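Enquirer: Input: one structure, supplied below.
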Amino acid sequence: MLKTLQETVSWLRPLIPEDTSIGIILGTGLGELVKSIDIQKEIPYESIPHFPVSTVEGHSGKLIIGKLGGKPILALKGRFHYYEGYDMKQVTYPIRVMQLLGFQYLFVSNASGGLNNSFRIGDIMLIEDHINLFPEHPLRGKNLKELGTRFPDMSDAYNKELRKLATSIAEKNNIKLQFGVYVGTQGPTFETPSEYRYFGIIGGDAVGMSTVPEVIVARHAGMKVLAFSIITDIGVYGKIVEVSHEEVLEAAKIAQPKMTFIIEEIIKKL
302 MLKTLQETVS WLRPLIPEDT SIGIILGTGL GELVKSIDIQ KEIPYESIPH FPVSTVEGHS
362 GKLIIGKLGG KPILALKGRF HYYEGYDMKQ VTYPIRVMQL LGFQYLFVSN ASGGLNNSFR
422 IGDIMLIEDH INLFPEHPLR GKNLKELGTR FPDMSDAYNK ELRKLATSIA EKNNIKLQFG
482 VYVGTQGPTF ETPSEYRYFG IIGGDAVGMS TVPEVIVARH AGMKVLAFSI ITDIGVYGKI
542 VEVSHEEVLE AAKIAQPKMT FIIEEIIKKL
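In terms of this note's numbering, the sequence shown opens at residue 302 and continues consecutively.
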């Protein structure tokens, strides 16, 4: 694995400014943030050695090198999901690449189903914690000490200081944020009413099919993480309606300018 990672990093390193320390993952329907980036290079995933290729609508599969908030960043427009058939090492491969490139921060976005009765479609939830219900753990197997400790601490998986900063920026700009726990599941089916109820009972406020593996690996790598969910459908008992992927994409488009603004303002202050 290290040899493969090093080959990818060696290919990318000449293309990425040395002072780049911020990575961004743009989830389902959230690719519009790219419009705020001063883009210097766009690289299709298939051009990058050993990189997986996204197969999901709304995930265009490009690595973006540029500036946001005046700071050099690397953005993934399109992520990789366990339900696509990738194993967890492939799902989290870009995070390991960022680690070996020396990145310190990871910003993550996703579209999710709301489990909290106070949530509405189009709300932005700042993720405070997660519940991992994936059937495979991204750190399963032999631990490579070059990449991190065998038993990483997850008590501050979503960095407290970054969350405080995001909350402050939202308050000063009259942007409503919700707060809660994200439940990560394998997908690709949307949840049944009983599953929605179960996820709420165990402490979830939103549910989706990504993010958790990426955050686990980022924390294993020592990166500071901030993550947002855009609530694109509601899974509260008695309010559940049939949902399609197209409707999820449409709901994400409405909320993402506010999320983009918050992320850009945080990056300015790093």
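Virtual Cβ for every residue (Gly too), placed ideally from N, Cα, C.
Everything numeric in this text was worked out from a predicted model, so none of it was measured.
Quick check on K342: does DSSP put it in helix, strand or coil?
Expert: If DSSP states are grouped into helix, strand and coil, K342 belongs with the strands.
Enquirer: For the region 386–393 and the region 475–485, state whether three or more C-beta atom pairs, one from each stretch, are separated by less than 8 Å.
Expert: No: the two stretches stay apart, fewer than three of their Cβ pairs being nearer than 8 Å.
Enquirer: Specify the secondary structure class of G359 as computed by DSSP and reduced to three states.
Expert: With a pLDDT of only 47 at G359, under 50, the local geometry of the prediction cannot be trusted, and no value is derived from it.
Enquirer: Could you check which residue in A412, G505 and Y384 has the C-alpha nearest to that of L327?
Expert: Among A412, G505 and Y384, the Cα nearest to that of L327 is on A412.
Enquirer: For M426, report the span of its beta strand (DSSP E) as first-last.
Expert: I425 to N433 is the extent of the beta strand (DSSP E) around M426.
Enquirer: Going by the DSSP bridge assignment, what does Q400 pair with across the sheet?
Expert: Per DSSP, none; premise fails for Q400.
Enquirer: Do you know how far the Cα of N418 is from the Cα of L445?
Expert: Approximately 42 Å between the Cα atoms of the pair.
Enquirer: Is the beta carbon of G367 less than 8 Å from the beta carbon of I340?
Expert: Going by C-beta atoms, G367 is nearer than 8 Å to I340.
Enquirer: Span of the beta strand (DSSP E) holding Q479?
Expert: It spans L478 to G485 - the beta strand (DSSP E) in which Q479 sits, taken as one unbroken run.
Enquirer: So does the region 553–569 actually touch the region 488–506, counting three or more Cβ pairs closer than 8 Å?
Expert: As far as the Cβ criterion goes, the region 553–569 does not touch the region 488–506, which means the pair count is below three.
Enquirer: Exposed or buried, which one is G442 when buried takes at least 16 other CB atoms within 10 Å?
Expert: Looking at its Cβ environment, which holds fewer than 16 other Cβ atoms inside 10 Å, G442 is exposed.
Enquirer: Is the separation between the beta-carbon of F320 and that of P353 shorter than 8 Å?
Expert: Note that residue 320 is Asp in the sequence shown, not Phe. No; because the gap between Cβ atoms is not below 8 Å, this pair is not in contact.
Enquirer: Quick check: the region 396–407 against the region 509–526, are at least 3 beta-carbon pairs closer than 8 Å?
Expert: As far as the Cβ criterion goes, the region 509–526 touches the region 396–407, which means the pair count is three or higher.
Enquirer: In angstroms with no decimal places, state the Cα-to-Cα distance between K304 and I317.
Expert: Approximately 20 Å, taken between the alpha carbons.
Enquirer: Between K304 and chain B, is there a C-beta pair that is closer than 8 Å?
Expert: The structure shown contains no chain B, having only a single protein chain.
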